[in-house]
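Undergrad: The working numbering runs 3 ahead of the 1-based position in the sequence shown. Ideal placement from N, C-alpha and C gives every residue a C-beta, glycine not left out.
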Amino acid sequence: GEEVAARLDADRAVRERERFAATLFEASPDCVKTLDLDGRLRAMNAPGQCLMEVDDVAAIEGADWAAFWPGEGEARARAAVAAARAGREGHFDGFCP
4 GEEVAARLDA DRAVRERERF AATLFEASPD CVKTLDLDGR LRAMNAPGQC
54 LMEVDDVAAI EGADWAAFWP GEGEARARAA VAAARAGREG HFDGFCP
């Protein structure tokens with residue numbers, strides 16, 4: 004009855020949010036990556052793969068993202084991941100050679 008209908012509505016809403024997030028992820032012209040809470044690369048959008056000259060994201064999936072940034076950039080990247088892990092907003096801009 005009502006319980007089943009409410010559950011179906013909730014499931015539908017979750018699927019719609021997931022589709023919307025996936026669309027935003029792929030639609031951005033920027034290099035967008037998702038990381039786990041240990042700072043390991045889990046996904047990269049297609050425009051990002053093109054910008055970073057990555058042919059096969061699976062080959063770098065699970066890599067330590069902060070290690071991609073040389074020198075001081077690595078420390079700033081690690082600080083951004085630590086902030087996200089703590090539930091705060093983490094922000095990082097850097098140049099990747």
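Rounded to whole angstroms, what is the Cα-Cα separation between Leu11 and Phe23?
TA: Each residue's alpha carbon lies about 18 angstroms from the other.
Undergrad: Using the DSSP secondary-structure output, state which residues sit across from Ala62 in a beta bridge.
TA: None; Ala62 has no bridge partner.
Undergrad: Compare the beta carbon distance of Gly97 and Ala80 with 8 angstroms and say whether it is the shorter of the two.
TA: Yes, the Cβ-Cβ distance between Gly97 and Ala80 is below 8 angstroms.
Undergrad: Please determine if the region 25-42 and the region 50-59 are in contact, where contact requires at least 3 C-beta pairs separated by less than 8 angstroms.
TA: Judged by Cβ distances under 8 angstroms, the region 25-42 makes contact with the region 50-59, as three or more pairs qualify.
Undergrad: Rounded to whole angstroms, how far is the Cβ of Leu44 from the Cβ of Ala66, which I believe are closer than 8 angstroms?
TA: That pair is a contact at about 5 angstroms.
Undergrad: Check this for me: beta carbons of Thr37 and Ala25, under 8 angstroms apart or not?
TA: Contact flag unset, no.
Undergrad: Buried or exposed: which applies to Ala83, given that a residue is buried once 16 or more other Cβ atoms fall within 10 Å of its Cβ?
TA: It counts as buried.
Undergrad: Could you compute how far the alpha carbon of Ala16 sits from the alpha carbon of Glu6?
TA: Cα to Cα, the separation comes out at about 15 angstroms.
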